[in-house]
Structures are given as structure tokens and as C-alpha cells.
Amino acid sequence: MDKRVLRERMRKKQQQLRRRQMMKKGACVVAVLLVVIFVIRGIILPVINRVGGKNVDKPSQVQAEVETTNGTDTTDSGTTDSDGTDQSEVQTSTNAAIRQPLKGKSDLTKASQLTAGWHDDENGKWYQNADGTYFAGGMQEIDGSTYYFSDNGYVQTGWISVGFDDYYFNDDGTYDPSQHKTRIAFTFDDGPGEYTDALLDCLEENNAHATFFMLGQNVENWQSEVQRMVDIGCEIGSHSWDHPNLFNLDIDSVAKQFSDTDAALEAACGQKASVARAPYGNWNDDIVSTVGKPFFTWSLDSLDWSYKDVSKDYDAVMNGDLTDGSIILMHDIHEPSVQAAIQMIPELVAKGYKLMTVSELAAAKGVTLQNTCYSDFWDSSLNNGLVAGYSGNSTSTDGSTDSTDGSDAASSDSSSSDSGSGSTDSSDISDGSSDSDGSSDEDTSYDDGSSDDGSYDDSSGDDGDYYDDSSYDGDYSDEEY
Ligand code: NI
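When the letters of the sequence shown are read in order and numbered with this note's numbering, they come out as residues 5 to 485.
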């Protein structure tokens, strides 16, 4: 009996001992692990990072230096492209790459190569800084060239969009400021209306901008649409209050058409129209200077107001002249027009077109807008001195008259940068009634017959002499321009 009790106690004692030993061993293992982790984090990693001899205590995100833009600009400014591209400025200050600290496994792989400079691995090309960091998530100039680094730190090629701007990077990753997309400007007239919002959806989804030439009388009913245009980067244009033929109005009434519309626009979105378009394209120098805004006609008329048919609208634009610098006329008050636009906008973007507002297009082509009328920003028009405010072609063959900063062109070219179907020959239209010069002298004659102003359609008879029927076969002013 005693022996059994004794043996039982011995057994329990031994069990206790074993448990204590186990716990001690466990504690040792944990302690060793802690030491290992401490050594790796506290000593080995800093040593790796210190390869460049820089302090590692605060290695993390150092803003990449912004000394870069000047370098690219000066090299390119001498060769200002014949087409007037002005995209050479890299906005490195806002889009600059940041230096990423080392983190995670893949970075350790990178760090294992340890030499500062360019490196390649199976994922591409990346740049190792002397302090062990690498560039990521933006643009960075290295050795005189600008590169774009992905968030993972790899150099990107091809088109990169940063906000609304596009930049082209060659196969070796260097930025090429001479490359640009085919830039065109969609314009939508006579709205806003019930279909405008769907069009804005499409524009926003495709990172595209357009210009809306709106009627003041429609603005009050669609104020939130007008505000949204501003919010997504579209341009606010005026198309008069209620679409009269301006040739039938006295000049005070013309002024009121646009000042009333500006007031409505300001109430809707806080800003006046920056650009204008005359109903039926009926503008002259008096009207333009009275309104005091750059006027626009178009180079491609979709004729959507006459078709009211989605596929015909679509074909008219997609098979039309979409040369870089074109201005396209459509109407967002017609449902088929909006449906056609919604179809073609993503397709054009996918094909490499850049859809801009008219003011963005002008700026991209090196044109400072004046108070005159513009129908396109084609290179051919720019280089022939037909576009007022274009400063990029001082070496053009007939540059004797337009070598100054565009003010000459503004007065002498108003007839040739005229309204109408610019895709054929815009000068035909004015030649019908006036010579190349002095078109403003004849302008007063168009104002007669003002007794019947305000109506949309009885202007065709009055203006027959202005829009020479032989050069324009459409019923120019009967419809909804
Ligand atoms: Ni119109």
C-alpha cells in the first residue's frame, strides 16, 4: 500500500518535471526566433539598403526631383513640329515617379542585384537608385530622357494617359514628345436636352471631351447637365438664346441673344460660354466682335439634323474627314444623333483618336484663340496662314503677312477661315458675294430684311447671295444649324 502510493507520487513528480522542461524548451525556441527576426530586420536589411552609403533611417518615399522638364523642353523647342504640337511639356511635377523603399520578396530579388542603374528581369526594365530605392508610379527623367514607371517600378512603353493627357513612350521607354494622337473636336448644338446626359456618360467613360453650343432658352431646364459638362471637362459654348438668323437682327439684339444666354449658363454652372457658334453658321465680323468670343463653324457636318438616323449619322462621321484638327458638327437634341455618338466615341478612342474641346484642340495645335471664326485646325490650314492666332509657322512660304503673333491673320483671314463646309473649299462660300478682302464691308447688306427675325427658317431667301448656291447644295439655313 505505501509502496504504491510512493510510486504514484514519484510518477507525478516526473510528469511535472517533464512539463517544466518542455516549457523551458519552448521559451528557448521563441527567444531564438525573436533574435533571428531582430537580426534580419535590424542588421541585414539596413546593410543591404546602405549599399549607396546613404542613411537608411528614413529611406521611404522621397519625391523624385523635378529638375526634369526643362531638359526635354529645351531640346525640343528648336524643332517645333510642323504641325504645331505643343505636348512636349511633361508635367513631371504632378506626375513624378516616387522612390519606393524595399519591401516584400520581389523587392529583395531586385535588391540582390545591388548595382545602381538600369536592370532587366522577366517583368521588364527598372531603375535602381544608389540608395537602393527604385522609381515607381509616374514619370522620371534619367540621363536626359523621360520614362514612365509603373506602380511596380517597371518602365512602360506605348501610350500612357495621365489624367486627360496622353504621352507616347518608345520601345526603349523614352518619352517621345513628337507623337500625338489624331486630335478631333466633337461639337453638339442646340441643346441641352433630354439625351444630353447619356452623351455625357459616354464621354466621361471614354476620357473624352466635347464642346456644347447651347441655346440659352434650353439651359434653365437642364442645369445639372450643364454643370456636369463643366465637371467632366467639356466646354461651354453659346449658340444664341433661341436660334435666330443673326443676319436678321440689329446688333443690339445680337448682343442680347448672347448676354442672356451667358446669364443662364452662369446660373447653371457658374461660368459664361467661352466660345460661340452662330445659328446656321451665319456670322460676320460685326457679330463676332459684338459677342466678343471666338466663333466656330465646323469642318465635318454630320448632317445628323437631316438624317435623324443612327447608322447614317454614324457613317457620316466615321467615313468623313477626321484629319487631325477637325471639328465635327452634331446635335444632342436628336436621339439618333446621341445614339450614333455613343456608338462612335468608344470606337474612335480605341482607334487612337483624342476627343478634345475646341479650345483644347486650338491649344494643342499652337493656336491662341482670337475673336474671329474658326472652322478647323488642320495642319494645312495652319501652315497656309489661314488660322488666326497660330504662332507656330513663322517659316511658312507666305509668312510675310502672318509672321507676327496672329493679329494680322485675324483681320486678313476671316474670309478664308470662313464658315461652311470646310472639307470642300470654304473660300467658295464667301467668294460668291465678295472678294478675298473686305468681306466685312459687305456685311451690312446681310442685315436687311430684319422684319422677320426670330423665326428659324425664312432666312434662306435672304442669304442666297451670301451662301452661293453653286458652292453649297444643302439647304443651308432652312434647318437646324
Ligand atoms: Ni443650331
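Backbone N, C-alpha and C define an ideal beta-carbon position, used for all residues, glycine too. What you are looking at is a predicted structure, and each value in this text was computed from that prediction instead of being measured.
Counting other Cβ atoms within 10 Å of its Cβ, residue 297 reaches 16 or more and is therefore classed as buried. When rounded, the separation of the alpha-carbon atoms in residue 268 and residue 321 is 31 Å. For residue 278, no alpha helix (DSSP H) segment is defined, and its DSSP state is neither H nor E. Using a Cβ distance threshold of 9 Å, residue 372 and residue 279 do not count as a contacting pair. Annotation: the continuous alpha helix (DSSP H) that includes residue 342 extends over 339-354. With respect to residue 360, residue 368 sits close: the two C-beta atoms are nearer than 9 Å.
Going by beta carbons, residue 379 and residue 294 fall outside the 9 Å limit. The beta carbons of residue 254 and residue 329 sit no closer together than 9 Å. Secondary structure note for residue 239: its beta strand (DSSP E) is the uninterrupted segment 239-242. DSSP places residue 285 in the helix class (H, G or I) of the three-state scheme. Between residue 186 and residue 151 a beta carbon distance of about 25 Å is seen, past the 8 Å cut, so the two are scored as non-contacting. As DSSP reads the structure, residue 142 sits in a beta bridge with 153. 119 is the residue among 123, 148, 142 and 119 whose C-alpha sits nearest the C-alpha of residue 136. Counting other Cβ atoms within 10 Å of its Cβ, residue 336 reaches 16 or more and is therefore classed as buried. 9 Å or more divides the Cβ of residue 188 from the Cβ of residue 291. Burial state of residue 22 is exposed, judged by a 10 Å Cβ sphere holding fewer than 16 other Cβ atoms. Of all C-beta pairs linking the region 340-349 to the region 386-396, fewer than three are shorter than 8 Å, placing the two stretches out of contact. By the Cβ test, the region 127-135 is in contact with the region 155-165, since at least three Cβ pairs between them sit closer than 8 Å. Each residue's CA atom was taken as its position, placing residue 170 and residue 124 some 26 Å apart.
Taken through DSSP and simplified to helix, strand or coil, residue 300 comes out as strand. Taking 9 Å as the cut-off, the Cβ atoms of residue 240 and residue 276 count as close.
Annotation for residue 220: 245, 264, 265 and 268 place their beta carbon closer than 6 Å to its own, counting only its chain and skipping 5 residues before and after. The beta-carbon distance between residue 218 and residue 257, rounded to whole angstroms, is 19 Å. This is too long to meet the 8 Å contact definition.
Separation of residue 352 and residue 211 (C-alpha to C-alpha, rounded to the nearest whole angstrom) is 12 Å. Per DSSP, residue 124 is one residue of the beta strand (DSSP E) stretching across 121-125. DSSP places residue 214 in the coil class of the three-state scheme, outside both helix and strand. The three-state secondary structure of residue 485, taken from DSSP, is coil. Taking residue 149 as reference, the option from 304, 167, 155 and 174 with the minimal CA-CA separation is 174. For residue 298, the CB stays at least 8 Å from every heavy atom of the ligand NI. DSSP lists no bridge partner for residue 219.
Under DSSP, residue 191 shares a beta bridge with 215 and 333. Listed as beta-bridge partners of residue 103 by DSSP are 139. With a cutoff of 8 Å, residue 217 counts as near the ligand NI, since its C-beta is closer than that to a heavy atom of the ligand.
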